[in-house]
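To start, the structure under review is shown below, and the notes come after it.
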Amino acid sequence: GGSMNAKNAAELLAMPDIDGGLIGGASLKPADFATIIAATGAENE
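Residues in the sequence shown are numbered consecutively from 574, following our numbering.
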């Protein structure tokens, strides 16, 4: 386990059995949080 961050979000979300992630301290850093959102492909939804 562990939390998702800007550095590992794209890799984790590309895995077939991962549908989400625990966003810890990255949620307090706007640039990092934006990177995670972009990795989901959901920024336009």
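Note that beta-carbon positions come from the ideal geometry of N, C-alpha and C, so glycine has one too.
Check                                                                                                                      : Outcome
Short Cβ contact (8 Å threshold) for Thr608 with Leu586                                                                    : no
Those residues which DSSP pairs with Ile596 across a bridge                                                                : Met577
Cut-off 8 Å between Cβ atoms - residues of its own chain near Ser576, not counting five sequence neighbours on either side : Gly594, Leu595, Ile596, Gly597, Gly598 and Ala599
Nearest-angstrom Cα separation, counted from Ala604 out to Ile591                                                          : 23 Å
Coil, strand or helix - Thr589 by DSSP                                                                                     : First, the residue type needs correcting, since residue 589 is Pro and not Thr in the sequence shown. If DSSP states are grouped into helix, strand and coil, Pro589 belongs with coil.
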